[in-house]
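Reading through the structure tokens given below for one structure.
Number of protein chains: 2
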Amino acid sequence: MTFQDYLAAQRKRVDDYLAQVLTTEQPRFSKLYEAMNYSLLAGGKRIRPILLLATVEALGQDAAPYTGLACALECIHTYSLIHDDLPCMDDDDLRRGKPTNHVVYGAGLATLAGDGLLTFAFELMASQKGIAPDKLNRCIAVIAKAAGPAGMVGGQAFDLASDGDMAIGREGMELLHRSKTGVIFKAAIDMAAIVTEASPQQKQALDAYASYMGLTFQITDDILDVVGDEALLGKPVGSDARNDKATYVTIFSLDEARRMACEAADKAVQALEPLGPKACFLKELVEHLLVRVH
Amino acid sequence: MTFQDYLAAQRKRVDDYLAQVLTTEQPRFSKLYEAMNYSLLAGGKRIRPILLLATVEALGQDAAPYTGLACALECIHTYSLIHDDLPCMDDDDLRRGKPTNHVVYGAGLATLAGDGLLTFAFELMASQKGIAPDKLNRCIAVIAKAAGPAGMVGGQAFDLASDGDMAIGREGMELLHRSKTGVIFKAAIDMAAIVTEASPQQKQALDAYASYMGLTFQITDDILDVVGDEALLGKPVGSDARNDKATYVTIFSLDEARRMACEAADKAVQALEPLGPKACFLKELVEHLLVRVH
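Respectively, the protein sequence lines represent chains R and S. full-length UniProt numbering applies: residue 1 is where the first sequence begins, and numbers increase by one. full-length UniProt numbering applies: residue 1 is where the second sequence begins, and numbers increase by one.
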């Protein structure tokens, strides 16, 4: 199987699951469910759930039983996008080439659609059958910590406060990137390690991979804002530079950012050596991120 | 111990726990934590956590090990208040006699403070030691379902869509009340029944109590909007009538609403008979709600 086939198959597994997960028989609530599904089924890349599933497979186990757990990550990711786009936050009108949630449904219902997706993610996780309860609890604690005030929400609050401020410097930018995206990638990988009972050696390899994989994603994301194809990205390019935002490109340079991304991707791939050939798709995943910007 | 002493002691237990639970060593996130604590420590009545703790005690067990679980309910309640008050929702400036979160911190940070409290609640629950993992999972599933799109968030979305519309009628108003507050009270009681392993007979009694207790709360809340003391309530009275909102008072009458509240409270008290004398404080709790409006 080629990596592209693999990616398409995993994405289909996630998409099929998500397509049927949020339904209601209460007509009074149907608009809310429509708003949640509008963003949840808007054609995301599903990187976070795929990362969890691919890590389970890299550890030699069947990923199918963990599809629900993986999809909860996508619910959390989607909620964060809806809230980040709100007029009182980044005030973005386009996401993945479509009008953002609040443009279609209004800011009030968009806020609630985000709240609903976040809360539902925890219901989905806690309701998974066939996973030992103590493992589920640890997974819930891991993702809640990563997505909460000490992680993603903290990062977004810092982003909001420092918007248009280059003065946060490299340390501030790295904290921002790490807490907005890195911790969620790490949580996806940690959850896979928990459910598969990874050995300490495997865990060490995965921790290093998570760190460099997250870094690769963050740097390439900053590069894409400069060199990306607006039609492909589904959002305007160049907004970071216009907003004087601290990014890997504005703090370093485009060339230096490209070099740093390659170096991080190489280290991510190297980190997986102890996992052997089963980790091939995890390796290709990080190279796939890199391809976007070359 | 009098009921007032009991209430004060339980409230102190909850307040003491909440006062130390949200701290950060990351200075970049300190404003977010300040915003979360601003609303979390704003002197709420703590009815939801006290309901959980009192139910555990009514079932003959020590409530102390469940303080964290109970406080998670208050985090969820506080998040819902912050988001409900936002300009894009009910646009309220006062809550418990203090400026609302977004008035002090802006709508963006207030949205994130709510997101942070909601996510943290799940971290707090999943991290509780000394409670069997399968019980924790069931508690998380119960409160996530109650607070999510099929419950509280759904109710708020319906409220938002029907604002100022008497046409939703009694059925619509009851759905609204039930999903905005009733399901959370029921979840608090269900969680207590789960951790104490309540018998089917006890569970049946508690289900009936939860239903009538929720109803009592909802009717008295509608009455308070008409007859309440603005200084005591900490928010303007009479807003429901001004907004042509469907409530127990506007659909029936003040006298009829009072009669319905008394009847619901009586039934709540009767429902507890099978639990015996240990349930005395649960009974007094529902009578305490009633006292507010007479």
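Just so it is clear, CB atoms sit at the ideal spot from N, CA and C, and this is done for glycine as well. All figures in this text were calculated on a predicted structure; none of them were measured in a lab.
Start and end of the alpha helix (DSSP H) containing R/Val-291?
Taken as a continuous stretch (DSSP letters only), the alpha helix (DSSP H) holding R/Val-291 covers 280 to 291.
At least three beta-carbon pairs within less than 8 Å, the stretch 16 to 26 of chain S to the stretch 62 to 79 of chain S:
The stretch 16 to 26 of chain S makes contact with the stretch 62 to 79 of chain S, as at least three CB pairs between them are under 8 Å.
Got a sec: is the Cβ-Cβ distance from S/Gly-172 to anything in chain R below 8 Å?
It does: the Cβ of S/Gly-172 has a partner Cβ on chain R nearer than 8 Å.
S/Leu-32 and R/Ala-157 - do their beta-carbons sit closer together than 8 Å?
The answer is yes: Cβ separation under 8 Å.
Step through the CB atoms of chain R and report whether any lies within less than 8 Å of the CB of S/Tyr-33.
Chain R, which has a Cβ nearer than 8 Å to the Cβ of S/Tyr-33, makes this yes.
Status (buried if at least 16 other CB within 10 Å, exposed otherwise) for R/Thr-2:
When all chains shown are included, R/Thr-2 counts as exposed.
Cα-Cα separation between R/Met-36 and R/Thr-119, rounded to whole angstroms
Per the coordinates, the alpha-carbon of R/Met-36 lies some 12 Å from the alpha-carbon of R/Thr-119.
Since S/Arg-95 sits in a beta bridge, which residues does DSSP pair it with?
S/Lys-98.
Expected contact under 8 Å - CB spacing of S/Val-286 and S/Val-249 to nearest Å:
20 Å between Cβ atoms; not a contact.
Taking S/Thr-55 and R/Cys-88 to be in contact with their CB atoms under 8 Å, please state how far apart those CB atoms are, rounded to whole angstroms.
In fact, because the Cβ distance is near 38 Å, the residues do not count as touching under 8 Å.
Relative to the alpha-carbon of R/Cys-262, which residue among R/Gly-214, R/Lys-145, R/Leu-52 and R/Ala-167 has its alpha-carbon at the smallest distance?
The residue with the shortest Cα to Cα distance from R/Cys-262 is R/Gly-214.
For R/Gly-43, which residues of its own chain have a beta-carbon under 7 Å away from its beta-carbon, when the five flanking residues on both sides are left out?
Taking R/Gly-43 as the centre and dropping the five residues before and after it, the same chain places the C-beta of Arg-96 closer than 7 Å to its C-beta, in chain order.
Please confirm whether R/Ile-251 and R/Met-173 have their CB atoms less than 8 Å apart.
Going by beta carbons, R/Ile-251 and R/Met-173 fall inside the 8 Å limit.
Count the other C-beta atoms from every protein chain shown that fall within 10 angstroms of the C-beta of R/Gln-4, then say buried if there are 16 or more, exposed otherwise.
Around the CB of R/Gln-4, fewer than 16 other CB atoms lie within 10 Å, so the residue is classed as exposed.
Are the beta-carbon atoms of S/Ile-194 and S/Cys-139 separated by less than 8 Å?
Cβ distance < 8 Å, so S/Ile-194 and S/Cys-139 count as in contact.
At 4 residues or longer, what runs of the alpha helix (DSSP H) sit wholly inside the stretch 148 to 233 of chain S?
Listed in chain order, they are 152 to 162, 169 to 177, 183 to 196, 200 to 227 and 230 to 233.
With DSSP as the reference, label S/Lys-267 as helix, strand or coil.
In this structure, DSSP gives S/Lys-267 a helical state, which the three-state scheme calls helix.
Enumerate in chain order the residues of its own chain whose CB-to-CB distance from R/Leu-254 is below 8 Å, with the five nearest sequence positions on each side excluded.
So the list reads Ile-223, Val-226 and Val-227, once near-sequence residues are dropped.
So, does the CB of R/Asn-37 fall closer than 8 Å to a CB anywhere in chain S?
Closer than 8 Å: no.
Could you tell me the distance, in whole angstroms, from the CA atom of S/Ala-63 to the CA atom of S/Leu-53?
Roughly 5 Å between the two C-alpha positions.
On the premise that S/Asp-159 lies in contact with R/His-83, defined as a C-beta separation below 8 Å, what is that separation, rounded to the nearest angstrom?
Wrong, their Cβ atoms sit about 20 Å apart, outside the cutoff.
Quick one: give me the first and last residue of the alpha helix (DSSP H) that R/Met-89 is part of.
Run containing R/Met-89: none; DSSP gives neither H nor E here.
Distance between beta carbons of S/Ala-126 and R/Ala-141, contact taken as under 8 Å:
4 Å between Cβ atoms; contact.
Reduced DSSP category for R/Glu-256 - H, G, I as helix; E, B as strand; rest coil
Assigned with DSSP and collapsed to three states, R/Glu-256 falls in helix.
So for S/Ile-82, helix, strand or coil by DSSP?
The answer is helix: DSSP assigns S/Ile-82 an H, G or I state.
If you follow the alpha helix (DSSP H) that R/Asp-244 is in, where does it begin and where does it stop?
Membership of R/Asp-244 in any alpha helix (DSSP H) is not indicated, and neither H nor E is assigned to it by DSSP.
For a test of the three-state rule: what should DSSP assign to S/Asp-62, helix, strand or coil?
In the structure shown, the three-state DSSP call for S/Asp-62 is coil.
Which residues in chain S have a C-beta closer than 9 Å to the C-beta of R/His-177? List them in chain order.
The premise fails here: R/His-177 is roughly 13 Å from chain S at the closest Cβ pair, so nothing lies under 9 Å.
Interface residues of chain S around R/Leu-51 at Cβ under 7 Å?
Going along chain S, no residue has its Cβ under 7 Å from R/Leu-51, so there is no contact; the nearest lies around 20 Å.
Between R/Pro-99, R/Val-293, R/Asp-134 and R/Tyr-38, which lies nearest to R/Asp-221 when the distance is taken from Cα to Cα?
If you compare the alpha carbons of R/Pro-99, R/Val-293, R/Asp-134 and R/Tyr-38 with that of R/Asp-221, the shortest gap goes to R/Val-293.
So R/Ser-39 is in the alpha helix (DSSP H); what residue range does that whole segment cover?
Segment 30 to 40, the alpha helix (DSSP H) holding R/Ser-39.
I'd like to know whether the C-beta of S/Glu-123 is nearer than 8 Å to at least one C-beta of chain R.
Interface annotation, S/Glu-123: in contact with chain R, CB-CB separation under 8 Å.
If you compare alpha carbons, which of R/His-288, R/Tyr-79 and R/Leu-282 is closest to R/Glu-57?
It is R/Leu-282 whose Cα lies nearest to the Cα of R/Glu-57.
Using the beta-carbon of each residue, which ones in chain R are nearer than 8 Å to S/His-77?
Here the premise fails: no neighbours, minimum Cβ distance about 13 Å.
Considering Cα atoms alone, identify which of R/Pro-277, R/Ser-179 and R/Ala-72 is closest to R/Gly-155.
The residue with the shortest Cα to Cα distance from R/Gly-155 is R/Ser-179.
CB contact check: R/Arg-48 to chain S, cutoff 8 Å
For R/Arg-48, no Cβ of chain S is located within less than 8 Å of the residue's own Cβ.
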